[in-house]
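**Q** Before I ask anything, here is the structure I am working with.
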Amino acid sequence: MAALAKVDDDTFVPCLRAQKLARGIGKFLALTSRELDCLCLGALLHDIGKQDIPCEVLNKEDPLLPAEWDLIEQHPRRGWEYIQATELNDVVKEIILKHHIWFNGKGGYPCAETYGKPCF
Ligand SMILES: [Fe+2]
Numbered sequence: 012m013a014a015l016a017k018v019d020d021d022t023f024v025p026c027l028r029a030q031k032l033a034r035g036i037g038k039f040l041a042l043t044s045r046e047l048d049c050l051c052l053g054a055l056l057h058d059i060g061k062q063d064i065p066c067e068v069l070n071k072e073d074p075l076l077p078a079e080w081d082l083i084e085q086h087p088r089r090g091w092e093y094i095q096a097t098e099l100n101d102v103v104k105e106i107i108l109k110h111h112i113w114f115n116g117k118g119g120y121p122c123a124e125t126y127g128k129p130c131f
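Residues 12 to 131, numbered by my numbering, are exactly what the sequence shown covers, in order.
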């Protein structure tokens, strides 16, 4: 939480909202208590990899340069790497890694070489 709160309010507040939405969706889907906890924790921490991205890039109002987009697209992998040293379970880690993969698996980022499985 502390690492996430350090990023900026434009990241932290949406993470709190994502957690709240995840809880509602998880309850609607009748997830077990453990599944719901994993979903909510993954939703809360999904952007933790943004802590390495400079605020000037995160808050830039002009179009991002290609190198800046590269930084943005690395944040799921960076977040996933960041939490490898924790005891969070694999479902939470997978949510963090894949939260920008399209629902149908046919697009998004990061891709196969990051975690050894094809995503699209
Ligand atoms: Fe993200």
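Note that beta-carbon positions come from the ideal geometry of N, C-alpha and C, so glycine has one too. Model, not experiment: these values are computed from the prediction.
(1) Look at the alpha carbon of residue 131 and the alpha carbon of residue 34, and state the distance between them as a whole number of angstroms.
(2) Would residue 112 and residue 91 qualify as a contact pair, given that the criterion is a beta-carbon distance under 7 Å?
(3) Which ranges does the alpha helix (DSSP H) cover as unbroken runs of at least 4 residues, wholly within the segment 16-70, from first to last along the chain?
(4) Is the beta carbon of residue 58 within less than 6 Å of some heavy atom of ligand 1?
(5) In angstroms, rounded to a whole number, what distance separates the CA positions of residue 69 and residue 39?
(6) So, helix, strand or coil for residue 119, using DSSP?
(7) Residues bridged to residue 83 by DSSP?
(8) Would you list the residues sitting across from residue 112 in a DSSP beta bridge?
(9) Does the segment 46-53 come close enough to the segment 70-87 to have 3 or more Cβ pairs within less than 8 Å?
(10) Below 8 Å on the Cβ atoms is my contact criterion, and I expect residue 64 with residue 94 to pass it. Report the Cβ-Cβ distance as a whole number of Å.
(11) Going by CA-CA distance only, name the one from 42, 24, 99 and 56 that's closest to residue 110.
(12) Who are the Cβ neighbours of residue 30 in its own chain at under 6 Å, not counting the five residues just before and after it?
**A** The structure says:
(1) Here residue 131 refers to the residue found at position 120 of the sequence shown. Here residue 34 refers to the residue found at position 23 of the sequence shown. With a pLDDT of only 46 at residue 131, under 50, the local geometry of the prediction cannot be trusted, and no value is derived from it.
(2) Within the sequence shown, residue 112 is the residue found at index 101, counting from 1. Within the sequence shown, residue 91 is the residue found at index 80, counting from 1. No, Cβ-Cβ distance for residue 112 and residue 91 is not below 7 Å.
(3) 20-39, 44-56 and 66-69
(4) Here residue 58 refers to the residue found at position 47 when the sequence shown is read from its first residue. Flag set: Cβ of residue 58 near ligand 1.
(5) Counting from one through the sequence shown, the residue named residue 69 turns up at place 58. Counting from one through the sequence shown, the residue named residue 39 turns up at place 28. Roughly 33 Å between the two C-alpha positions.
(6) If you number the sequence shown from 1, residue 119 lands on position 108. Three-state DSSP puts residue 119 in a strand.
(7) Taking the sequence shown and counting its residues from 1, the one referred to as residue 83 is at position 72. According to DSSP, which records beta bridges pairwise, residue 83 is partnered with nothing at all.
(8) By one-based count along the sequence shown, residue 112 stands at place 101. DSSP lists 119 as the beta-bridge partner residues of residue 112.
(9) no
(10) Here residue 64 refers to the residue found at position 53 of the sequence shown. Here residue 94 refers to the residue found at position 83 of the sequence shown. Residue 64 to residue 94, Cβ: 16 Å. No contact.
(11) Walking along the sequence shown from the start, residue 110 turns up at place 99. Minimum Cα distance to residue 110 is reached at 56.
(12) Along the sequence shown, read from residue 1 onward, the residue named residue 30 stands at position 19. So the list reads 51, 54 and 55, once near-sequence residues are dropped.
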